[in-house]
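Novice: Below: one structure in structure tokens.
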């Protein structure tokens, strides 16, 4: 693992405050882009998401929500309760510049009051960093900041409080791409569509995508896994599917979609490749 390097001297200060959402990949610190590492190291402050504490009088957690920090479920993060994004960031950034932002990641579906309050508090924390003199602020998110990420909610709040803040993103490698590479699976070719969906959206959406001509990828399988497996079996696709558990982390598992697997991490990834009869048949 790469040791945190000394903070480089930025080539030039930005014209104004900049908030950058940085994709740090699915968990393996070696999968950060060169630009992601540079932006993280040049930032005055690097924020990372963690699970907000649940008040005693709050409703129970969403059964389809993560059970651990940063949406990691049972996936390991840092030893003191940080999430997967933080663990990855600390491979490259001095911990003194890393700050945690609590989000209500385990709330039930929809925009709850607790979730909205967490978004607002996170936006205030970021603007406070700018007010304290930070010119560059980064927010690290697993995968890509524009794909099922908390960053969009944070950026919306920061823009509302400080319209002058420039918001940028640095793309990251997604779990979908990592699983495709690790399993030797071609995601799409020729005229094939590629469908990415959250299993939490329900089995009907998954079934419709599976009936189409392209590859289907389902995120957040976790407790929906039996429903996904049932649909795979119904459409005769169970043997095609590849399941990734804990990608990029110690103890990761990549293999067939086991119907009896009842201990999936929240951020499991299911990949069902398109059926191809001949080379170039869909050009």
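In UniProt numbering, the protein residues as written are 1 to 283.
Note that the Cβ used here is the ideal one computed from N, Cα and C, for glycine as well.
In the region 100-170, which residue ranges form an unbroken alpha helix (DSSP H) of at least 4 residues, counting only runs that do not cross its ends?
Specialist: 113-131, 151-161
Novice: Alpha carbon to alpha carbon, what distance is there between residue 134 and residue 86?
Specialist: 20 angstroms
Novice: CA-CA distance, residue 183 and residue 39?
Specialist: Distance from the CA of residue 183 to the CA of residue 39, rounded to the nearest whole angstrom, comes to 30 angstroms.
Novice: Once DSSP output is grouped into helix, strand and coil, what is the label at residue 256?
Specialist: strand
Novice: Whose CA, out of 200, 273, 88, 84, lies closest to the CA of residue 181?
Specialist: When 200, 273, 88, 84 are compared, the shortest CA-CA separation from residue 181 is found for 273.
Novice: Which residues bound the alpha helix (DSSP H) around residue 175?
Specialist: Per DSSP, the continuous alpha helix (DSSP H) segment holding residue 175 begins and ends at 175-183.
Novice: Quick check: is the beta carbon of residue 190 nearer than 8 angstroms to any beta carbon in chain B?
Specialist: You won't find chain B in this structure, because it holds only one protein chain.
Novice: Go to residue 284, then tell me how far its beta strand (DSSP E) extends in each direction, as first and last residue.
Specialist: Here the chain covers residues 1 to 283 and nothing more, so residue 284 does not appear.
Novice: Among 197, 220, 240, which has the Cα closest to the Cα of residue 209?
Specialist: 197
Novice: If we count Cβ pairs, one from each stretch, closer than 8 angstroms, do we get three or more for the region 18-37 versus the region 242-253?
Specialist: Enough Cβ pairs lie closer than 8 angstroms, so yes.
Novice: Smallest Cα separation from residue 239: which of 157, 245, 143, 271?
Specialist: The shortest C-alpha separation from residue 239 is found at 271.
Novice: Could you name the residues that DSSP lists as bridge partners for residue 218?
Specialist: Partner(s): 197, 270.
Novice: Report the CB separation of residue 217 from residue 269 in whole angstroms; it is logged as a contact under 8 angstroms.
Specialist: So it is a contact: roughly 7 angstroms between Cβ atoms.
Novice: Could you give the DSSP three-state label for residue 93: helix, strand or coil?
Specialist: coil
Novice: Grouping DSSP H, G and I as helix and E and B as strand, with all else coil, what is residue 56?
Specialist: Below a pLDDT of 50, predicted positions are generally treated as unreliable, and residue 56, at 49, falls in that range; the measurement from the model is reported next regardless. Note: residue 56 maps to coil in three-state DSSP.
Novice: Using a Cβ-Cβ cutoff of less than 6 angstroms, which residues in the same chain neighbour residue 282 once the five nearest sequence positions on both sides are dropped?
Specialist: Excluding positions up to five away in sequence, the list reads 190, 191, 192.
Novice: Give a yes or no on whether the C-beta atoms belonging to residue 103 and residue 49 are separated by under 8 angstroms.
Specialist: yes
Novice: Can you tell me which of 118, 46, 132 puts its alpha carbon nearest to the alpha carbon of residue 94?
Specialist: 46
Novice: Would you say residue 267 and residue 257 are within 8 angstroms of each other, going by their C-beta atoms?
Specialist: No; because the gap between Cβ atoms is not below 8 angstroms, this pair is not in contact.
Novice: Which residue's Cα is closest to the Cα of residue 276: 200, 188, 234, 233?
Specialist: It is 188 whose Cα lies nearest to the Cα of residue 276.
Novice: Just how far apart, CA to CA, sit residue 116 and residue 237?
Specialist: 39 angstroms
Novice: Taking the alpha helix (DSSP H) that residue 210 belongs to, which residues open and close that run?
Specialist: 203-210
Novice: Helix, strand or coil, according to DSSP, for residue 20 in the structure here?
Specialist: strand
Novice: Look at residue 17 and residue 162 and say whether their C-beta atoms are less than 8 angstroms apart.
Specialist: yes
Novice: How would you write the range of the beta strand (DSSP E) that residue 39 sits in, first residue to last?
Specialist: No beta strand (DSSP E) contains residue 39, which is instead part of the alpha helix (DSSP H) from 34-42.
Novice: By alpha-carbon positions, which one of 118, 224, 214, 41 ends up nearest to residue 98?
Specialist: 41
Novice: Applying the criterion that 16 or more other CB atoms from any shown protein chain within 10 Å of the CB defines a buried residue, is residue 30 buried or exposed?
Specialist: exposed
Novice: Any idea if residue 156 is buried or exposed, counting beta-carbon neighbours within 10 angstroms, 16 or more meaning buried?
Specialist: exposed
Novice: Anyone know if the C-beta pair for residue 296 and residue 232 falls short of 8 angstroms?
Specialist: There is simply no residue 296 to check, as the chain begins at 1 and stops at 283 in what is shown.
Novice: Closer than 6 angstroms by C-beta to residue 132: which residues in its own chain qualify, once you throw out the five before and the five after it? Chain order, please.
Specialist: none
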